[in-house]
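Down below is the structure, laid out as structure tokens.
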Amino acid sequence: MDDTGPVQRLTADRPLRSGVLVTAFAGWNDAGEAATGAVDAIGHLADADPSAQIDPEEFFDFQANRPSTHLDPDVGRVLEWPHNRFHVADVGGRDLLLLSGTEPNLRWRTFANAVLSYATELEVRSIICVGALQVDAPHTRPVQLTGRGASLTTVRTLGVRRSDYEGPTGITGVLTHLALQRGFDTCSIWAGVPHYLAGTTYAAAAHSLADAVTRSLDIDVDLQPLSEAASSQQREIAEVVAGDDDLSTYVAELEERVDAEDEAAGIDELHAESVTGDELAAAFERYLKERDERAGEP
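Those letters in the sequence shown? Residues 792 to 1089, by our numbering.
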């Protein structure tokens, strides 16, 4: 391993063929774990190999993002630090450089420039930054995809709408901005996650992001396992909603609002007696806990 600089090489560097960097970061940019779920799924399904990692020492406040420990039967206690890791996948003659990890607490510009310098060394010229955000939309409608950037023309054909967002941003926004400044062909793609499911692992949004990335790059990665996971989860959510009249009313009113494309309507304009999004989230979490407990019974 080369331990010079924040990017620590795990394998010998080589120029990538038609290389594209795809990034996702857990945390503020990752509602429903959809962004990291998409990039991790692409890496797993494309048999990606580890290539490098970013030393967390100068980028994390370890009181805010604490390391964790677990017991390994072979080596004993293992200490796991907050991480950001690169993997390389050969997909149909082109190389994907995948970066998945955790949004750092500190020195975002230094962090982003380290990522971009490593990409430059590998002759990457295109970057897709994926993220996920909470939206006031129901799970019964297609996942909303939005984005911005120089290469967005390619992905607009996939149903990605131009984002006009203004406000606070995360490391995904910073990386996208600096990549454009440094001349990379760059775009960001964001999935909307129903706000009442943002605390779950929302497979439908992860699948939509992974599908948008692979189709925009015209690469063949079999996403069927992710699609099946999304379908299974949608059935579980439907079961929760169908079992509660208030939940059904709440989701139906969200459907009406989205279908009417009334973007100005606020969540507080829904039926006064409807259940809140927090209550719906809690109901779904209770269902999952009960399901897991049933599965663990002898």
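For each residue, glycine too, the CB sits at the ideal point set by N, CA and C.
Could you tell me which residues DSSP puts in a beta bridge with residue i?
i: Trp981; result: Gly922 and Thr937
i: Thr860; result: Leu870
i: Ser745; result: Nothing can be reported for residue 745, as the shown portion of the chain is limited to 792 through 1089.
i: Gln854; result: Answer by DSSP bridge pairing: none, since Gln854 is not bridged.
i: Asp881; result: Asp886
At what residues does the alpha helix (DSSP H) containing residue i begin and finish?
i: Pro1016; result: Gln1015 to Ala1033
i: Asn904; result: Trp899 to Glu912
Taking residue i as the reference, give the member of the options with the closest Cα.
i: Thr963; options: Asp1050, Ile918, Ala928 and Ala994; result: Ile918
i: Gly938; options: Ala970, His968, Ser979 and His930; result: Ser979
i: Ala983; options: Gly828, His998, Ser1039 and Val926; result: In the sequence under discussion, the amino acid at residue 983 is Gly, which differs from the Ala named in the question. Selected option, being the one with the closest Cα: Val926.
i: Ala989; options: Ala903, Leu890 and Gly922; result: Gly922
i: Leu1008; options: Asp865, Asp804 and Leu812; result: Leu812
i: Ser842; options: Asp1036, Leu969, Ala1051 and Ala910; result: Ala910
i: Thr814; options: Leu807, Asp831 and Leu971; result: Asp831
i: Ala970; options: Glu1044, Pro806 and Arg900; result: Arg900
i: Ser1018; options: Ser891, Gly828, Arg868 and Asp821; result: Gly828
i: Ala903; options: Ala1021, Gly883 and Arg973; result: Arg973
I need the straight-line Cα distance from residue i to residue j, nearest angstrom please.
i: Ala994; j: Leu888; result: 22 angstroms
i: Ala1029; j: Thr991; result: 15 angstroms
i: Thr928; j: Pro985; result: It is worth fixing the name first, because residue 928 is Ala in this sequence and not Thr. Cα to Cα, the separation comes out at about 5 angstroms.
i: Gln844; j: Ala997; result: 23 angstroms
i: Glu914; j: Ala839; result: 18 angstroms
i: Gln799; j: Asp846; result: 7 angstroms
i: Cys920; j: Val866; result: 36 angstroms
i: Leu936; j: Gly950; result: 7 angstroms
i: Gly1057; j: Asp1036; result: Residue placement at Gly1057 is poorly supported in this model, since its pLDDT is 41, which falls under 50; the coordinates still yield a value, given next. Going from the Cα of Gly1057 to the Cα of Asp1036 covers about 22 angstroms.
i: Asp976; j: Gly810; result: 11 angstroms
i: Arg876; j: Val1032; result: 38 angstroms
i: Thr795; j: His874; result: Note on Thr795: pLDDT 47, under 50, position unreliable in the model; the coordinate value appears next. If you take the alpha carbons of Thr795 and His874, they lie about 17 angstroms apart.
i: Thr1130; j: Gly940; result: With the chain running from 792 to 1089 in the structure shown, residue 1130 is simply not present.
Along the chain, where does the beta strand (DSSP E) that runs through residue i open and close?
i: Gly867; result: Gly867 to Glu871
i: Phe816; result: Val811 to Ala817
i: Ile833; result: Element bounds for Ile833: not the beta strand (DSSP E) but the alpha helix (DSSP H), Ala825 to Leu836.
i: Arg800; result: Val798 to Arg800
i: Asp846; result: Neither: Asp846 is in no beta strand (DSSP E) and is coded neither H nor E.
Roughly how far, in whole angstroms, is the beta-carbon of residue i from the beta-carbon of residue j, given that I think they are within contact range, below 8 angstroms?
i: Thr893; j: Gly818; result: 6 angstroms
i: Asp852; j: Leu897; result: 6 angstroms
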